[in-house]
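Protein chains in written order, with the working numbering: chain W, 1 to 386; chain R, 1 to 386.
Don't be surprised by glycine CBs; every beta carbon is placed ideally from N, CA and C.
So the structure is just underneath, and the comments pick up after that.
Number of protein chains: 2
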Amino acid sequence: MTVTTVRAGMVAPFHVMRILADARRMEAQGIDIVHMEVGEPDFPTPAAIIRAGIEALEKGNTHYTPALGLPALREAIAAYYLQRFDVGISPGRIVITPGASGALQLVLALLAEQNSSVLMADPGYPCNRNLVRLSDAVPIQVPVSRDDNFQLTPAAIVSAWRDDTRLVIVTTPSNPTGSVLTLKALGALRQVVCDEGGMMVVDEIYQGLNYGEAPTTALKLGNDLFVINSFSKYFGMTGWRLGWLVAPEAMIPALDKLAQNLFLAASTPAQHAALAAFEPETEAELERRRCEFERRRDYLADALEGLGFRLGYRPAGAFYLYMDCSAFGMDSDTLARRLLDEAHVAVTPGRDFSEHAPDKYIRFAYTADIDRLKEGVRRIKGLLTA
Amino acid sequence: MTVTTVRAGMVAPFHVMRILADARRMEAQGIDIVHMEVGEPDFPTPAAIIRAGIEALEKGNTHYTPALGLPALREAIAAYYLQRFDVGISPGRIVITPGASGALQLVLALLAEQNSSVLMADPGYPCNRNLVRLSDAVPIQVPVSRDDNFQLTPAAIVSAWRDDTRLVIVTTPSNPTGSVLTLKALGALRQVVCDEGGMMVVDEIYQGLNYGEAPTTALKLGNDLFVINSFSKYFGMTGWRLGWLVAPEAMIPALDKLAQNLFLAASTPAQHAALAAFEPETEAELERRRCEFERRRDYLADALEGLGFRLGYRPAGAFYLYMDCSAFGMDSDTLARRLLDEAHVAVTPGRDFSEHAPDKYIRFAYTADIDRLKEGVRRIKGLLTA
């Protein structure tokens, strides 16, 4: 076996996977673990979506759809943009993909050419930089901090821009920080990316999980950007692997060709099921869940700040708190390790999200119900005040 | 919009997609089209698999599985290899993927590095060469002909090998020719690939659709090769998008990391449904379908040979006839066009599969029932004898 594997070496492992594996091992030994590491809502897929999925199977909707997706679903998403965000998007600009990963892969296959570079915020979702590397392009991670709401700024983009830069990836709401960009701030980023001659990819996969301000979409800014979205988080369809991409009209034929080759089409039963994602019954259920997430956020932020973790802002979206743990005199990896081993609480260390400040932060996901979060906080307190 | 799209330009369009689009347009005008272009069985997903899918949804099995796949499904596939092919494969070597496309993508992300080359037969499945190009590697298409059963030979591999060659992709049964390699012939290919210092990827996605000889698997040859398979064709689960990869043990940690980034995991409902693919009820149904495909093959091969298409062998697998149409005094693209426009029969021209001999062949799929095939033959005869 003499074959080298350079690409695999470029991709960092997810440290949370070791935490998760160790947590599962401990659970198998009968140890109770509080999970605050998982980026997946604890809620099941809404009932109407499940019913639509069952109906699709009963009707035998199991053949391939076109590579761009089921026309009815593309139309339903366009209608959703119009109704909820007051923005008119032609269904022809919408590509249904196997998860948001498939959507980002399409954009990168199209535009992140060999040895070009792609700007993104650090901290950020690790798959984004890894997918850029797997495209043989270079991710440029621009350090952002609480001072700039953990988001890219026009000045930061200008200063990080290189001759070979083609794309900027912006995530709002952000994973891991939950921070949200206003439409005005997004517009300023778009302007500077345009001026530099690149294109913007806006990752909106946590859209709808917004607290306070109503959610918006970068699509209101114009037709010259890419928006990635997903049925996973807000719509509660993680395991179905279904997302979408909105692209400039002129890019659709090329994306169609790439989709045919990269994945043929997204799952047919999932696409039929997702048609029920926009029904009033589902909408009401998702609003109940959103309120519950907000309640958890408020509880957990207060409780962890009370223990000495520093947040200093109230994240306006997603279901994460990215907390500064430098007050405890150990790096975040050591703390995460001890939280699991000694307090039986699983969390994600910051180095999964950040190459610039890997030791200072821990991500807490509030994807467990509030009683479990309380139990987690009780255990963390026990460890830190021991 | 000044961004260039070099990668999209490297990927050839599927000509059959234009045929298909035109056929749909004609159907919308009320014209009856006989479809012999579609690489998808006309049979629905077997009932037991549908039932298992519904049950999974009723139970709420909609959360992420591990990136390598549902442990029970990896074990079921290992048991299938043992029971049907008498080969012991550790479940730990099996990666569940979103379709065979996902499996090939994993292998290429791992091993088809920038500017390396990958050997494959021409004619062959166009996604294979396109995915190699999207990996920034170079597909080397080795011309094969009826004389070598439309498959690579050791001599052809040696003669095409370059210093930068890393991988050889072998497809058995083949798309578009339906030709099948014996285990002995596969062994000879493996030996020469080993001797040259590369690795072999065997695409077995039509495995089980074998006529005459019982199917085999390259996994019987040793542990140092990759095998790609799928629930799409033999198991009738096209739209579910589910496949698998068997890899050398030592590659699994790297593949796990790549899968986490490229697609997180395959569809959870599909994985649960696929557990029923190995049940006796499904097995019996699939055997009935296989016999029906064989009957169609025999009918269609005789009938088209009777019209002057040249085959000269009886393909031992898949559901395609790749027929030499040079007797008709026009290139295959013109003939395919006229078959659609004048005879209302949709077929796939050879240039989708071949860069070396794009004009000489047409692929007929026998994925329609025998009465429709008869109607298609009647129409083709009408055109050719007009």
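Chain W residues whose Cβ lies nearer than 9 Å to that of Met26/R
Within 9 Å Cβ-Cβ: nothing; Met26/R doesn't reach chain W, min ~17 Å.
Assuming contact is defined by CB atoms lying nearer than 8 Å, are Ile228/W and Leu68/W in contact in what I supplied?
Contact: no.
Just checking: is the beta-carbon of Lys257/R within a distance shorter than 8 Å of some beta-carbon in chain W?
With 8 Å as the cut-off, Lys257/R counts as an interface residue toward chain W.
Would Phe226/W count as contacting chain R if we go by Cβ distances under 8 Å?
It does not: the Cβ of Phe226/W has no partner Cβ on chain R nearer than 8 Å.
Boundaries (first-last residue) of the beta strand (DSSP E) holding Met200/R
In the DSSP assignment, Met200/R falls within the beta strand (DSSP E) that extends over Met199 to Asp203.
Let me see if you follow: with CB-CB separation under 8 Å, is Leu245/R close to chain W or not?
Not an interface residue.
With respect to the beta strand (DSSP E) encompassing Gly53/R, which residues constitute its N-terminal and C-terminal limits?
Element bounds for Gly53/R: not the beta strand (DSSP E) but the alpha helix (DSSP H), Ala47 to Glu58.
Is the separation between the beta-carbon of Met120/W and that of Ile169/W shorter than 8 Å?
At a Cβ-Cβ threshold of 8 Å, Met120/W and Ile169/W count as neighbours.
I'd like to know whether the C-beta atoms of Leu111/W and Met199/W end up nearer to each other than 8 Å.
Yes; because the gap between Cβ atoms is below 8 Å, this pair is in contact.
Measure the alpha-carbon distance for Ala311/R versus Asp147/R and round it to whole angstroms.
Note on residue identity: the sequence assigns Leu, not Ala, to residue 311/R. Spanning the two alpha carbons is a distance of roughly 12 Å.
Chain-ordered neighbours of Val158/R on chain W, where CB pairs are closer than 8 Å:
Within 8 Å Cβ-Cβ: nothing; Val158/R doesn't reach chain W, min ~18 Å.
Which same chain residues, not among the five before or five after Leu20/W, have their C-beta less than 8 Å away from its C-beta?
The residues are Glu37, Val38 and Ala346.
Is there a Cβ from chain R that is less than 8 Å from the Cβ of Ile54/W?
The beta-carbon of Ile54/W is placed less than 8 Å from the nearest beta-carbon of chain R.
Just mark Ser135/W as buried or exposed, buried being the case when its beta carbon has 16 or more other beta carbons within 10 Å.
With 16 or more other Cβ atoms within 10 Å, it is buried.
Helix, strand or coil at Gly317/W according to DSSP, with G and I counted as helix
When secondary structure is reduced to three states using DSSP, Gly317/W falls in the strand class.
Endpoints, beta strand (DSSP E) assigned at Tyr361/W:
Note, Tyr361/W: beta strand (DSSP E), Tyr361 to Ala365.
Taking 8 Å as the CB-CB limit, is Ile50/W close to chain R?
It does: the Cβ of Ile50/W has a partner Cβ on chain R nearer than 8 Å.
Output, in chain order, the set of chain R residues within a Cβ distance shorter than 9 Å of Val6/W.
Correct list: Glu113 and Gln114.
Val87/R - DSSP class collapsed to helix/strand/coil:
Val87/R: coil per DSSP, three-state reduction.
So Gly99/R contacts chain W; which residues on that side make the cut at Cβ distance below 8 Å?
The contacting residues are Phe263 and Leu264.
Among Leu82/W, Leu186/W, Tyr211/W and Leu264/W, nearest to His63/W - alpha-carbon criterion
When only C-alpha atoms are compared, the closest one is Leu264/W.
By Cβ distance, which residues of its chain are closer than 6 Å to Glu375/W, with the 5 residues on each side in sequence left out?
Excluding positions up to five away in sequence, the list reads Val34.
Does the distance from the C-beta atom of Ser117/R to that of Thr165/R stay below 8 Å?
Yes; because the gap between Cβ atoms is below 8 Å, this pair is in contact.
Could you tell me which chain W residues have their CB closer than 7 Å to the CB of Val11/R, listed as they occur along the chain?
Within 7 Å of the CB of Val11/R, the CB atoms of chain W belong to Lys257, Leu258 and Asn261, in sequence order along the chain.
I need the DSSP call for Ile252/W, collapsed to helix, strand or coil.
Here Ile252/W sits in helix by DSSP.
Could you tell me if Ala247/W is buried or exposed, where buried requires 16 or more neighbouring beta carbons within 10 angstroms of its beta carbon?
Per the 10 Å Cβ criterion, buried.
Counting Cβ pairs closer than 8 Å, one from the segment 225-240 of chain R and one from the segment 186-205 of chain R, do we hit at least three?
A contact exists between the segment 225-240 of chain R and the segment 186-205 of chain R.
Decide if Met330/R is buried, meaning its Cβ has at least 16 other Cβ atoms within 10 Å, or exposed.
By the 10 Å Cβ count, Met330/R comes out exposed.
By the 8 Å beta-carbon criterion, what residues does the segment 54-81 of chain R contribute toward chain W?
Taking a C-beta cut-off of 8 Å against chain W, the contacting residues of the segment 54-81 of chain R are Ile54, Leu57, Glu58, Gly60, Asn61, Thr62, His63, Tyr64 and Thr65, listed in chain order.
So what does Arg310/W bridge to, in DSSP terms?
Under the DSSP definition of a beta bridge, Arg310/W partners with Asp324/W.
Identify, in the order they occur along the chain, each residue of the same chain with its Cβ nearer than 7 Å to the Cβ of Glu40/W, setting aside the five sequence neighbours on each side.
Listed in chain order, the non-local C-beta contacts of Glu40/W below 7 Å within the same chain comprise Thr238 and Thr367, local neighbours out to five positions each way being set aside.
Between Ala160/W and the rest of its own chain, which residues show a CB-CB distance below 7 Å, the 5 nearest in sequence each way excluded?
So the qualifying residues of the chain are Leu119, Ile140 and Val142.
Proximal residues of chain W, C-beta to C-beta of Gly239/R below 8 Å:
Within chain W, the residues near Gly239/R are Asn61, Thr62, His63, Tyr64, Thr65, Ala265, Ser267, Thr268 and Pro269.
Excluding sequence positions up to five away, which residues of its chain have a Cβ less than 6 Å from the Cβ of Asp359/W?
Closer than 6 Å at Cβ, skipping near neighbours: Asp331 and Ser332.
For the segment 195-247 of chain W, which segments carrying the beta strand (DSSP E) assignment without a break, of at least 3 residues, lie completely within its bounds, in sequence order?
Counting only runs of 3 or more, we get 199-203, 226-230 and 243-246.
Between the C-alpha atoms of Phe43/R and Arg289/R, what's the straight-line distance to the nearest angstrom?
Using only the alpha carbons, I get a separation of about 8 Å.
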